[in-house]
Structure formats: C-alpha cells, structure tokens
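Residue 3 in UniProt numbering is what sits at position 3 of the sequence shown, and the numbering runs on without skipping anything. Okay, structure first, notes after.
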Amino acid sequence: MSIGGMVDGGGPAPDQDEERGRRRRGVRALVYGLIALLVLVLLAAAGVVIVTQQLGSQVGRYPSVFAPIDPSTRPADAAGQTFLLIGTDSRSPEPTTGTDAAPDAVFGSQRSDVIMVASIAEDGQSASIVSIPRDSYVDIPGRGQNKINAALAFGGPPLLIQTVEQLTRVHIDHYAVIDFAGFAQMTDAVGGIDVNVGQESERDGVVVPAGEQRLNGEQALVYVRERKSLPGGDLDRVRRQQAALRAFLEKALSSGTLSSPTGAYNLVDTVTRHVGVDDSLSNTGLAQLAFGMRDLRNSNVSFLTVPVTGTGTEGDQSVVYLDEGAGRDLWFAVNTDTVPQWVAQRPQEQLSDTPR
C-alpha cells in the first residue's frame, strides 16, 4: 500500500521515479544541446575571424596618409563613411596596388587617373559616388592652381586628400586605391560586366563594339581608358568609368556571386589582392563596413559627376572648370546624407544608361 506517493518500505513510487529520470535526462539533453550550440557558434565565429584576417590581410595598407594633415584645417566629420577612391594608371599589366603589386611598384608615383568621393549613408541604405574629373583646375594647397590629378604626384595621398577636402568641405574618412590591372582582374572575377556602350572603341587590337555588351577584363580596360575619340573627352571618360563601376556592383550584388559562399570568397579574394587602403582601416573595420552595407542595393547608389562650367586651357594644359555654386550644393547633400533628394530635383545629373 502506498501513502502520499510512498510505497511500503519508504521508497518513491515507480511512476515518480520514472518521471524524475525523464526530467534528469531532459535537463542533460538541454545542457548538452546548449554546449553543442555554443561550440558551433564559437567554431563559426572562429571561421569568420580567420576569413576576415586572411582576406583583410591581403589588402595593401598606405601608412599614415592622414598624419601630415593639420586637423584644424580639416572639415568636420559627418555621419556615415566617406572614401576617397583613386584609380592609378601605370599602363602596366602588372598590379601596382594591393599585395599583388610588383616589387618595384611605387605607391603614388603616378598621377591619379580616377578620382571619386564615395559616401555611404549612416544607415547603410544608400550611397553616392561623385567623380571629380582628373583635369579639374583647382587650388592645390601650397602648390597653387593646377589639375587636381597633379596633387598625388606632388605630395602623395596626404596632399590629394587635403586638396579634395578643401574643394568639397567633405571630411574624408578613408583612402582607397586600385590600378587598372586590378580592375581588369576584378571584372573577370564577376564573369564580365554588362555595359551599354555608346560609341565603339579600339586599342591595341581589342575592340569594344557599340551597343549592349558583356565586357571581359581586357575589354573593360579599353572602355574605361578611352578619351581622345569621345566628343566630351575626359568628361565622357569619367562617365564610362562610372558606368563600369556601376556594372561591376550590379553584377556582384544581383547575380549569384555573393549568395554563393565560394563565389563570394573568390570575389572578395580577388578584390582584396588588388586594392590598397589607409592603415587606419583595420581588418575588423573592413568586415564591419561590409556588414553595415549588407542591405545596400545598386539602385540606391547615385553615380554623379561634380558640376562643371566647361573646358579650356591654362598654359599648355587642357583643363576642366568646376561650377563652384552647384558644387557647393552637391557637397552639402553628400555631407547631410541627402543626395537622393538632390538627385530627385536634378535627374539629369544622374549617370545615364548609355554614356558614350
């Protein structure tokens, strides 16, 4: 006979014994499950750290590019992240930036062929890329009036950053460089880029026909380098450079490249081997930047050229004159994360679907 769950002899009832056993087994299973989950999380985190360190360490670092600049002369830091993107054209098939650079490559030894101010909104939902034509006639601190692309040759990255900040009143957070050899390999890494070519181009036997084309790396170089045959000269080349960058981003973001772990790794591996950034951008910072842009879509990136009044000559140089008033409005929009609104009021300023 049992009384209050006890059987004769004082032991627990069989049904209670079984219930307690089930509870103990359940608790053990839960604990083991949590331990297993924790181990998996730690392994995954370790994998992310390893990949971040491995790929991030492939990025070339430019030392102390901001150190020589007097902080009191710099614009106030704004929300979001702003990069000064530089493309150098050594006319060499070998990389001159990143960890794949040729041993005798000298950073900053060439004039900057591409100058873009890329700004990512604080919420990571939109971005703008504003090109400054390399022949823009501007004041270079301590050097007087000259083409803006001379600043890199005169004083390296610090002087170019000073020149751009003085011109735009936009605080530059980071500095990034890629050369044309790297751009060609990045293009091939995404399987080519789709561009609507406004006018046929040819260089060294490589032809880029007019119309909708899928360009490989070699063809993409011909496309972005062409200037002399284009009616707008350097201004048309700037638009081609933007079109190529837009096509690259669209291919990377909308194709299966980034949705495939292997494809994403191969693309990031290629990109990191062919770019250089300032040494204040750590591997962790690169990973955080990429994570912060995870929701960015190509349709939310505005491709613009700083407003100009026309072209002319200074001495024996062909130059581009900037529209200071319209430029101030654009750079204010960049500083205040209002570029989409600026573009909505001036849709003609946005990069067209078929630049020359």
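Don't be surprised by glycine CBs; every beta carbon is placed ideally from N, CA and C.
| query | result |
| --- | --- |
| Starting from residue 265, follow its DSSP beta bridges and name the residues at the other end. | Answer is none; residue 265 lacks a bridge partner. |
| Just grab the DSSP bridge partners of residue 58 for me. | Residue 58 is not bridged to any residue. |
| Report the three-state DSSP secondary structure of residue 84 (helix, strand or coil). | strand |
| Could you tell me whether the Cβ atoms of residue 220 and residue 238 are closer together than 9 Å? | no |
| Is the Cβ-Cβ distance between residue 278 and residue 65 less than 9 Å? | yes |
| Please give the ranges of any alpha helix (DSSP H) in the segment 315–343, keeping only runs that are unbroken, at least 4 residues long and fully inside the region. | 324–335 |
| With three or more C-beta pairs closer than 8 Å as the rule, is the segment 154–171 touching the segment 71–88? | yes |
| If I measure Cβ to Cβ from residue 230 and keep anything under 6 Å in the same chain, skipping five residues before and after, which residues do I get? | 236, 356 |
| Just to confirm my understanding: we take residue 174, look at its own chain, exclude 5 residues before and 5 after, and list those with CB closer than 8 Å. What are they? | 81, 82, 83, 84, 277, 278, 280, 281 |
| Determine the direct distance from the alpha carbon of residue 249 to that of residue 302, and round the result to whole angstroms. | 12 Å |
| Can you name the start and end residues of the beta strand (DSSP E) that residue 350 belongs to? | That residue, residue 350, is in no beta strand (DSSP E); it is neither H nor E in DSSP. |
| Hey, how far is the Cα of residue 141 from the Cα of residue 131? | 20 Å |
| If you count every other CB in all the chains shown that lies within 10 Å of the CB of residue 273, and 16 or more means buried, which is it? | buried |
| Leaving out the 5 sequence neighbours to the left and right, which residues in its chain are closer than 8 Å to residue 210 when beta-carbon positions are compared? | 197, 198, 199, 200 |
| Less than 8 Å between the CB atoms is what I'm expecting for residue 186 and residue 270, so what's the real figure, rounded? | 6 Å |
| Since residue 128 and residue 334 are thought to touch, with beta carbons under 8 Å apart, how far apart are those beta carbons, to the nearest angstrom? | 6 Å |
| Distance, Cα to Cα, residue 283 vs residue 315? | 45 Å |
| In the DSSP assignment, find the unbroken beta strand (DSSP E) run with residue 212 in it and report its ends. | 211–215 |
| Using a Cβ-Cβ cut-off of 6 Å (strictly less than) and excluding sequence neighbours within five positions of residue 184, which residues of its own chain qualify? | 217, 221 |
| Excluding the 5 residues flanking residue 189 on each side, which residues of the same chain have their C-beta closer than 6 Å to its C-beta? | 267, 270 |
| Return the chain-ordered list of same chain residues with a C-beta closer than 6 Å to the C-beta of residue 360, the five sequence neighbours on each side being excluded. | No answer is possible for residue 360: it lies beyond the span of the chain, which begins at 1 and ends at 356. |
| With residue 124 as the anchor, note down where its beta strand (DSSP E) starts and where it stops. | Element bounds for residue 124: n/a, residue is neither H nor E. |
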